[in-house]
Amino acid sequence: MRLGITGHRGLSPETEHLVHLALADEVSRHTPDLTGISCIADGPDAWFAELVLKAGGRLEVVVPAEKYREGLPEEHHESYDRLLKQATEVHRTGLVASDSQAHMTGSEILVGLADELIAVWDGRPARGYGGTADVVAYAERADVPTRVIWPKGATRD
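What follows is the structure, encoded as structure tokens:
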């Protein structure tokens, strides 16, 4: 099973905990023969990647842009670097600037590689182009099944 991930970043600690538990449950359903596909941004992307590796699965990483890492929070760089080194395959868009177009292009590649997409999504429209809602809509157009995870009690500012 090739499982991709997309999801909201910047969640509250309480929602982070709920989402992490839900992702762990989701990963456990697909092991041991699981390949996780992630852009490994801070939040659900990285948590999912870590859970896949911990469960003995393979990790493929999509890098949306050459300057993608620079646009992530500095405190996430160590995790990003570690996960990138553990990837069995790295896919790149060829874009340089880490902007909304690059993020959406990376997500389109991710969806194209996946048998199914996991979306940590509150069901609301994207706050900017390339957001989680846009990725879910793209997966629907591409006929990639999507499983939404938004645990009871989860909130987003």
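Every position in the sequence shown, counted from 1, becomes a number in my numbering once 12 is added.
All residues carry an ideal CB built from backbone N, CA and C; glycine is no exception.
All values derive from a computational prediction rather than experimental measurement.
Using the Cβ count rule (16 or more neighbours within 10 Å means buried), how would you classify Gly-142?
Here residue 142 refers to the residue found at position 130 when the sequence shown is read from its first residue. By the 10 Å Cβ count, Gly-142 comes out buried.
How about His-77 and Val-108: are their beta carbons less than 7 Å apart?
On the sequence shown, residue 77 is found 65 positions in, with the first residue counted as 1. On the sequence shown, residue 108 is found 96 positions in, with the first residue counted as 1. Note on identity: in this sequence residue 77 is Ala, with His being the wrong assignment. Cβ atoms of Ala-77 and Val-108: closer than 7 Å.
Taking Cβ to Cβ, would you say Thr-158 is nearer than 7 Å to Leu-129?
Within the sequence shown, residue 158 is the residue found at index 146, counting from 1. Within the sequence shown, residue 129 is the residue found at index 117, counting from 1. Yes, the pair counts as a contact, with Cβ atoms nearer than the cut-off.
Expected contact under 8 Å - CB spacing of Leu-65 and Gly-165 to nearest Å:
Reading the sequence shown from its first residue, position 53 is the one you call residue 65. Reading the sequence shown from its first residue, position 153 is the one you call residue 165. Actually they are not in contact, since the Cβ atoms of Leu-65 and Gly-165 sit about 27 Å apart, beyond 8 Å.
Using DSSP with H/G/I as helix, E/B as strand and the rest coil, what is Val-156?
For the purposes of this step, residue 156 is taken as residue 144 along the sequence shown, with counting starting at 1. In the structure shown, Val-156 sits in coil (DSSP, three-state: anything other than H, G, I, E or B).
How far does the beta strand (DSSP E) with Ser-50 in it reach, from first residue to last?
Working through the sequence shown from its first residue, we reach residue 50 at position 38. Counted as a single uninterrupted DSSP element, the beta strand (DSSP E) harbouring Ser-50 occupies residues 47-50.
Considering only the alpha carbon of each residue, which of Tyr-80, Gly-83, Ser-91, Glu-38 lies closest to Gly-69?
Mapped onto the sequence shown, residue 69 falls at position 57. For the set Tyr-80, Gly-83, Ser-91, Glu-38, the Cα lying nearest the Cα of Gly-69 is the one of Glu-38.
Can you say whether Met-116 is buried or exposed, counting buried as having 16 or more other CB atoms within 10 angstroms of its CB?
For this step, residue 116 is matched to residue 104 along the sequence shown. Its Cβ being crowded by 16 or more others within 10 Å, Met-116 is buried.
Arg-21 - DSSP class collapsed to helix/strand/coil:
Residue mapping note: residue 21 aligns to position 9 of the sequence shown, counting from 1. Of the three classes helix, strand and coil, the one that applies to Arg-21 here is coil, per DSSP.
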